[in-house]
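Reading the sequence shown from the start, the letters are residues 19 to 330 in my numbering.
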Amino acid sequence: METIRIAGVEKPVSRLIKGTDYFRHSDYETAAANLDAFLAIGGNTVDTARIYCGGESEEVLGRYMEERKARDRFVILTKGAHHDERGPRVNREAIREDLLTSLEKLRTDHVELYALHRDDPNVPVGEIIEALNEHIEAGRIGAIGGSNWTWQRLREANAWAEAHGLVGFAFSSPNLSLAKANEPFWPGCVSADRETLRWHEEAQMPLLSWSSLARGFFSGRFSPDVKDDPDIVRVFYSDANWERLRRAEQLAREKGASVVQIALAWVLNQPFPTCALIGARNAEELRSCREGMDIKLTREELDWLDLAAEER
(Lines of atoms letter the chains of each structure in order from A and count residues from 1; the text may use other names and numbers.)
(Lines give C-alpha, C1' and ligand atoms only; values in the text may rest on other atoms or scores of the structure.)
Protein backbone atom coordinates (compact mmCIF):
# COMPACT_ATOMS: atom_id res chain seq x y z
CA MET A 1 0.00 0.00 0.00
CA GLU A 2 1.18 3.53 -0.73
CA THR A 3 2.44 5.45 2.29
CA ILE A 4 3.43 8.98 3.24
CA ARG A 5 6.01 10.26 5.67
CA ILE A 6 5.15 12.47 8.63
CA ALA A 7 7.94 14.27 10.46
CA GLY A 8 8.49 12.75 13.89
CA VAL A 9 7.25 9.29 12.92
CA GLU A 10 9.80 6.63 11.98
CA LYS A 11 7.28 4.32 10.35
CA PRO A 12 5.63 5.06 7.00
CA VAL A 13 1.96 6.00 7.32
CA SER A 14 -0.46 4.06 5.11
CA ARG A 15 -2.61 6.28 2.89
CA LEU A 16 -5.70 4.36 4.00
CA ILE A 17 -6.31 4.80 7.72
CA LYS A 18 -8.69 2.40 9.44
CA GLY A 19 -11.44 4.06 11.44
CA THR A 20 -12.39 2.43 14.75
CA ASP A 21 -15.34 4.50 15.97
CA TYR A 22 -17.47 1.36 16.21
CA PHE A 23 -15.09 -0.95 18.08
CA ARG A 24 -16.84 -2.32 21.16
CA HIS A 25 -16.13 -5.21 23.51
CA SER A 26 -19.50 -6.73 22.71
CA ASP A 27 -18.42 -7.22 19.07
CA TYR A 28 -14.72 -7.78 19.55
CA GLU A 29 -14.45 -10.59 17.00
CA THR A 30 -15.80 -8.37 14.23
CA ALA A 31 -13.35 -5.59 15.11
CA ALA A 32 -10.48 -8.09 15.19
CA ALA A 33 -11.49 -9.50 11.80
CA ASN A 34 -11.60 -5.96 10.38
CA LEU A 35 -8.07 -5.28 11.63
CA ASP A 36 -6.84 -8.61 10.26
CA ALA A 37 -8.28 -7.70 6.85
CA PHE A 38 -6.80 -4.20 7.01
CA LEU A 39 -3.33 -5.57 7.68
CA ALA A 40 -3.84 -8.07 4.86
CA ILE A 41 -4.27 -5.28 2.27
CA GLY A 42 -1.11 -3.56 3.49
CA GLY A 43 -2.60 -0.97 5.84
CA ASN A 44 -0.84 -0.08 9.07
CA THR A 45 -2.41 3.14 10.42
CA VAL A 46 -5.49 3.21 12.65
CA ASP A 47 -7.53 6.15 13.90
CA THR A 48 -9.12 6.27 17.32
CA ALA A 49 -9.84 8.82 20.06
CA ARG A 50 -10.26 9.11 23.79
CA ILE A 51 -14.01 9.64 23.42
CA TYR A 52 -14.81 6.99 20.80
CA CYS A 53 -17.38 4.51 22.04
CA GLY A 54 -16.94 5.82 25.56
CA GLY A 55 -13.33 4.64 25.57
CA GLU A 56 -14.05 1.15 24.24
CA SER A 57 -12.50 1.86 20.84
CA GLU A 58 -9.03 2.33 22.33
CA GLU A 59 -9.52 -0.60 24.69
CA VAL A 60 -10.47 -2.97 21.86
CA LEU A 61 -7.54 -1.83 19.76
CA GLY A 62 -5.19 -2.27 22.72
CA ARG A 63 -6.54 -5.75 23.39
CA TYR A 64 -6.11 -6.73 19.75
CA MET A 65 -2.52 -5.52 19.56
CA GLU A 66 -1.62 -7.30 22.79
CA GLU A 67 -3.30 -10.58 21.84
CA ARG A 68 -1.78 -10.59 18.35
CA LYS A 69 1.56 -9.20 19.60
CA ALA A 70 1.10 -6.69 16.81
CA ARG A 71 1.95 -3.30 18.33
CA ASP A 72 4.96 -2.88 16.07
CA ARG A 73 2.79 -3.39 12.97
CA PHE A 74 0.68 -0.29 13.64
CA VAL A 75 0.91 3.46 13.46
CA ILE A 76 -1.62 4.73 16.02
CA LEU A 77 -3.43 8.02 15.60
CA THR A 78 -5.43 8.94 18.65
CA LYS A 79 -6.99 12.21 19.74
CA GLY A 80 -7.73 14.04 22.96
CA ALA A 81 -8.81 17.35 24.49
CA HIS A 82 -12.34 17.05 23.16
CA HIS A 83 -14.85 19.36 24.79
CA ASP A 84 -17.29 18.03 27.38
CA GLU A 85 -20.59 19.24 28.81
CA ARG A 86 -18.77 22.13 30.50
CA GLY A 87 -17.17 23.38 27.30
CA PRO A 88 -13.70 23.39 25.69
CA ARG A 89 -10.84 21.37 27.23
CA VAL A 90 -7.84 22.43 25.16
CA ASN A 91 -5.41 22.97 28.00
CA ARG A 92 -2.35 21.38 29.61
CA GLU A 93 -4.29 19.42 32.23
CA ALA A 94 -6.84 17.96 29.79
CA ILE A 95 -4.18 17.02 27.27
CA ARG A 96 -2.18 15.17 29.93
CA GLU A 97 -5.22 13.46 31.40
CA ASP A 98 -6.55 12.30 28.03
CA LEU A 99 -3.19 11.18 26.66
CA LEU A 100 -2.25 9.13 29.73
CA THR A 101 -5.70 7.54 29.76
CA SER A 102 -5.41 6.71 26.06
CA LEU A 103 -2.01 5.10 26.52
CA GLU A 104 -3.36 2.93 29.32
CA LYS A 105 -6.35 1.82 27.26
CA LEU A 106 -4.17 1.17 24.20
CA ARG A 107 -1.73 -0.87 26.34
CA THR A 108 1.25 1.02 24.97
CA ASP A 109 3.72 3.63 26.19
CA HIS A 110 3.52 5.86 23.12
CA VAL A 111 1.50 6.76 20.04
CA GLU A 112 3.00 7.76 16.73
CA LEU A 113 0.39 10.44 15.99
CA TYR A 114 -1.50 12.55 18.51
CA ALA A 115 -4.10 15.11 17.51
CA LEU A 116 -6.11 17.61 19.48
CA HIS A 117 -9.69 16.62 18.73
CA ARG A 118 -10.93 20.20 18.83
CA ASP A 119 -9.46 23.70 19.06
CA ASP A 120 -10.19 26.50 21.50
CA PRO A 121 -9.31 29.80 19.80
CA ASN A 122 -9.38 31.51 23.19
CA VAL A 123 -6.25 29.63 24.27
CA PRO A 124 -2.94 31.07 22.96
CA VAL A 125 -1.19 28.67 20.61
CA GLY A 126 2.02 28.94 22.64
CA GLU A 127 0.42 27.32 25.69
CA ILE A 128 -0.82 24.43 23.57
CA ILE A 129 2.48 23.85 21.78
CA GLU A 130 4.39 23.90 25.07
CA ALA A 131 2.02 21.36 26.62
CA LEU A 132 2.31 18.98 23.67
CA ASN A 133 6.09 19.30 23.50
CA GLU A 134 6.37 18.04 27.07
CA HIS A 135 4.94 14.71 25.89
CA ILE A 136 7.07 14.60 22.75
CA GLU A 137 10.16 15.06 24.93
CA ALA A 138 8.92 12.31 27.26
CA GLY A 139 8.59 9.90 24.32
CA ARG A 140 4.84 9.51 24.59
CA ILE A 141 4.10 11.15 21.21
CA GLY A 142 5.89 11.02 17.87
CA ALA A 143 4.13 13.77 15.91
CA ILE A 144 1.40 16.23 16.85
CA GLY A 145 -1.49 17.48 14.77
CA GLY A 146 -4.76 19.34 14.86
CA SER A 147 -8.04 17.62 14.16
CA ASN A 148 -10.67 20.23 13.28
CA TRP A 149 -8.20 23.10 13.43
CA THR A 150 -8.33 25.84 10.82
CA TRP A 151 -5.31 26.32 8.62
CA GLN A 152 -4.87 29.80 10.07
CA ARG A 153 -4.48 28.44 13.61
CA LEU A 154 -2.13 25.72 12.39
CA ARG A 155 0.01 28.31 10.65
CA GLU A 156 0.03 30.51 13.76
CA ALA A 157 0.97 27.60 16.01
CA ASN A 158 3.81 26.48 13.78
CA ALA A 159 5.20 29.99 13.46
CA TRP A 160 5.21 30.23 17.27
CA ALA A 161 6.87 26.82 17.60
CA GLU A 162 9.60 27.74 15.12
CA ALA A 163 10.26 31.04 16.86
CA HIS A 164 10.66 29.27 20.20
CA GLY A 165 12.64 26.23 19.08
CA LEU A 166 9.81 23.76 19.68
CA VAL A 167 8.13 21.07 17.60
CA GLY A 168 5.07 22.27 15.71
CA PHE A 169 2.15 20.49 14.14
CA ALA A 170 3.22 17.91 11.54
CA PHE A 171 -0.23 17.07 10.18
CA SER A 172 -3.81 18.24 10.05
CA SER A 173 -6.98 16.16 10.20
CA PRO A 174 -10.10 18.02 9.08
CA ASN A 175 -12.92 16.65 6.97
CA LEU A 176 -11.99 16.53 3.30
CA SER A 177 -14.29 14.90 0.79
CA LEU A 178 -15.57 15.45 -2.72
CA ALA A 179 -18.99 16.27 -1.24
CA LYS A 180 -18.81 19.60 0.55
CA ALA A 181 -20.42 20.12 3.95
CA ASN A 182 -23.19 22.71 4.18
CA GLU A 183 -22.50 23.04 7.90
CA PRO A 184 -20.40 21.20 10.51
CA PHE A 185 -21.47 17.63 11.15
CA TRP A 186 -20.80 18.15 14.86
CA PRO A 187 -20.12 21.43 16.71
CA GLY A 188 -16.52 22.54 16.33
CA CYS A 189 -15.81 20.40 13.28
CA VAL A 190 -13.80 21.83 10.39
CA SER A 191 -14.12 20.90 6.71
CA ALA A 192 -11.39 21.79 4.26
CA ASP A 193 -12.45 24.56 1.87
CA ARG A 194 -10.58 25.91 -1.14
CA GLU A 195 -8.43 28.22 1.00
CA THR A 196 -7.45 25.25 3.14
CA LEU A 197 -6.46 23.24 0.09
CA ARG A 198 -4.39 26.10 -1.29
CA TRP A 199 -2.55 26.44 2.03
CA HIS A 200 -1.87 22.70 2.26
CA GLU A 201 -0.52 22.70 -1.27
CA GLU A 202 1.77 25.60 -0.44
CA ALA A 203 2.89 24.22 2.93
CA GLN A 204 2.83 20.55 1.84
CA MET A 205 1.48 19.65 5.27
CA PRO A 206 -0.03 16.14 5.29
CA LEU A 207 -3.82 16.07 5.61
CA LEU A 208 -5.50 13.02 7.15
CA SER A 209 -9.13 13.31 6.15
CA TRP A 210 -11.93 12.08 8.36
CA SER A 211 -15.27 11.24 6.70
CA SER A 212 -13.36 11.11 3.42
CA LEU A 213 -16.31 9.43 1.69
CA ALA A 214 -18.89 11.85 3.10
CA ARG A 215 -20.49 9.23 5.34
CA GLY A 216 -21.77 7.17 2.42
CA PHE A 217 -23.00 10.02 0.22
CA PHE A 218 -21.42 8.31 -2.83
CA SER A 219 -22.63 4.81 -1.97
CA GLY A 220 -25.76 4.93 -4.13
CA ARG A 221 -28.08 4.94 -1.15
CA PHE A 222 -28.87 8.66 -1.32
CA SER A 223 -30.77 10.76 -3.84
CA PRO A 224 -32.63 14.09 -3.61
CA ASP A 225 -35.91 12.35 -2.79
CA VAL A 226 -34.46 9.99 -0.15
CA LYS A 227 -34.41 11.87 3.13
CA ASP A 228 -34.34 9.15 5.76
CA ASP A 229 -31.03 10.30 7.26
CA PRO A 230 -31.54 13.83 8.60
CA ASP A 231 -27.83 14.38 9.32
CA ILE A 232 -26.78 13.51 5.77
CA VAL A 233 -29.56 15.71 4.42
CA ARG A 234 -28.50 18.59 6.66
CA VAL A 235 -24.79 18.35 5.91
CA PHE A 236 -24.47 17.10 2.33
CA TYR A 237 -27.70 17.64 0.40
CA SER A 238 -27.15 20.49 -2.04
CA ASP A 239 -27.45 21.08 -5.78
CA ALA A 240 -23.67 21.36 -6.04
CA ASN A 241 -23.12 18.01 -4.33
CA TRP A 242 -25.67 16.27 -6.55
CA GLU A 243 -23.70 17.60 -9.53
CA ARG A 244 -20.46 16.31 -7.99
CA LEU A 245 -22.12 12.93 -7.58
CA ARG A 246 -23.29 12.98 -11.21
CA ARG A 247 -19.78 13.75 -12.41
CA ALA A 248 -18.30 11.04 -10.21
CA GLU A 249 -20.76 8.58 -11.75
CA GLN A 250 -19.70 9.65 -15.25
CA LEU A 251 -16.00 9.35 -14.51
CA ALA A 252 -16.55 5.99 -12.80
CA ARG A 253 -18.09 4.64 -16.01
CA GLU A 254 -15.20 5.97 -18.07
CA LYS A 255 -12.56 4.43 -15.79
CA GLY A 256 -14.34 1.16 -15.02
CA ALA A 257 -14.46 1.99 -11.33
CA SER A 258 -17.11 2.45 -8.68
CA VAL A 259 -18.40 5.87 -7.67
CA VAL A 260 -17.02 5.36 -4.16
CA GLN A 261 -13.59 4.63 -5.62
CA ILE A 262 -13.68 7.85 -7.64
CA ALA A 263 -14.64 9.85 -4.53
CA LEU A 264 -11.78 8.20 -2.62
CA ALA A 265 -9.35 8.87 -5.48
CA TRP A 266 -10.31 12.55 -5.39
CA VAL A 267 -9.07 12.75 -1.79
CA LEU A 268 -5.91 10.77 -2.47
CA ASN A 269 -4.86 12.64 -5.62
CA GLN A 270 -4.55 16.10 -4.10
CA PRO A 271 -1.31 17.99 -4.87
CA PHE A 272 -0.06 17.50 -1.31
CA PRO A 273 0.26 14.44 0.97
CA THR A 274 -3.14 13.03 1.94
CA CYS A 275 -4.50 10.00 3.72
CA ALA A 276 -8.13 8.92 3.91
CA LEU A 277 -9.78 7.68 7.08
CA ILE A 278 -12.17 4.95 5.98
CA GLY A 279 -14.99 3.23 7.81
CA ALA A 280 -14.90 0.01 5.75
CA ARG A 281 -16.23 -2.78 7.96
CA ASN A 282 -15.49 -5.95 6.01
CA ALA A 283 -12.82 -7.43 3.76
CA GLU A 284 -14.72 -6.68 0.55
CA GLU A 285 -15.10 -2.98 1.35
CA LEU A 286 -11.45 -2.78 2.35
CA ARG A 287 -10.34 -4.39 -0.91
CA SER A 288 -12.50 -1.93 -2.84
CA CYS A 289 -10.82 0.99 -1.09
CA ARG A 290 -7.42 -0.54 -1.74
CA GLU A 291 -8.25 -0.73 -5.46
CA GLY A 292 -9.47 2.88 -5.38
CA MET A 293 -5.97 3.93 -4.29
CA ASP A 294 -4.63 2.89 -7.69
CA ILE A 295 -6.85 5.33 -9.61
CA LYS A 296 -4.89 8.34 -10.79
CA LEU A 297 -6.70 11.60 -11.47
CA THR A 298 -5.26 14.58 -13.32
CA ARG A 299 -5.47 18.11 -11.96
CA GLU A 300 -8.11 18.81 -14.60
CA GLU A 301 -10.18 15.82 -13.45
CA LEU A 302 -9.86 16.88 -9.81
CA ASP A 303 -11.11 20.38 -10.64
CA TRP A 304 -13.89 19.12 -12.91
CA LEU A 305 -15.22 16.73 -10.26
CA ASP A 306 -15.17 19.49 -7.65
CA LEU A 307 -16.82 22.17 -9.84
CA ALA A 308 -13.71 24.29 -9.35
CA ALA A 309 -14.12 26.31 -12.55
CA GLU A 310 -17.81 27.01 -11.92
CA GLU A 311 -17.21 28.20 -8.35
CA ARG A 312 -14.21 30.46 -8.97
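Note that beta-carbon positions come from the ideal geometry of N, C-alpha and C, so glycine has one too.
Measure the C-alpha to C-alpha separation of GLY234 and VAL141 and round it to an integer number of angstroms. 35 angstroms
Measuring alpha carbon to alpha carbon, tell me which of THR96, TRP169, PHE203 ends up nearest SER75. THR96
State the Cα-Cα distance for the pair GLY72 and LEU118, rounded to the nearest angstrom. 16 angstroms
Classify TYR255 as helix, strand or coil using the three-state DSSP reduction. coil
Does the Cβ of GLN222 have 16 or more other Cβ atoms within 10 Å, making it buried, or fewer, making it exposed? exposed
What are the complete beta strand (DSSP E) segments, minimum 3 residues, inside the segment 258-310? 292-296
Could you give the uninterrupted runs of the beta strand (DSSP E) lying entirely in the segment 75-104, keeping only those of 3 residues or more? 93-98
Give the secondary structure of GLY37 by DSSP, where H, G and I count as helix, E and B as strand, and everything else as coil. strand
In DSSP terms, what ILE159 is bridged to: VAL129
What do you get for ASP90, buried or exposed, if any count of 16 or more other CB atoms within 10 angstroms of its CB means buried? exposed
Could you tell me the boundaries of the alpha helix (DSSP H) in which ASP116 lies? 110-124
Leaving aside the five residues before and after CYS207 along the sequence, list all residues of the same chain whose C-beta is less than 6 angstroms from its C-beta, in chain order. ASN166
If contacts are defined as beta-carbon pairs under 8 angstroms, then LEU325 and ALA258 qualify, I think. What distance do you get, rounded to the angstrom? 6 angstroms
Give the secondary structure of PHE56 by DSSP, where H, G and I count as helix, E and B as strand, and everything else as coil. helix
Check LEU134 in the structure and name its three-state DSSP category. strand
Straight-line gap, ALA54 to PHE41 (C-alpha atoms, nearest Å): The displayed chain sequence assigns Asp, not Ala, to residue 54. Whole-angstrom Cα-Cα distance: 14 angstroms.
With DSSP run on the structure shown, which of helix, strand or coil describes THR48? helix
Between the CA atoms of LEU184 and ARG252 - distance to the nearest angstrom: 41 angstroms
Is the CB-CB distance between ALA25 and ALA133 below 8 angstroms? no
ASP321 (DSSP reduced to helix, strand or coil): helix
Measuring only the C-alpha atoms, how far is PRO242 from GLY60? 37 angstroms
Rounded distance between the beta-carbons of ARG33 and CYS293, thought under 8 angstroms: 5 angstroms
Here's a check: name, in chain order, each residue in its chain whose Cβ is nearer than 7 angstroms to the Cβ of LYS245, leaving out the five neighbours to either side. VAL251
Count the other CB atoms within 10 Å of the CB of GLU130; is the residue buried (16 or more) or exposed (fewer)? buried
On the criterion of 16 or more Cβ atoms from any shown chain inside 10 Å, does LYS314 qualify as buried, or is it exposed? exposed
Less than 7 angstroms between C-beta atoms, sequence neighbours within five positions excluded: which residues of the same chain meet that for HIS101? ARG107, ARG136, GLY206
Ignoring anything shorter than 4 residues, give me the alpha helix (DSSP H) runs that lie fully in the segment 165-208, in order along the chain. 169-181
Shortest alpha-carbon distance to ALA281 belongs to which of LEU194, ALA177, ASP249? LEU194
Less than 8 angstroms between the beta carbons of ALA149 and ALA197, yes or no? no
Simplified DSSP assignment, three categories, for ASP312: coil
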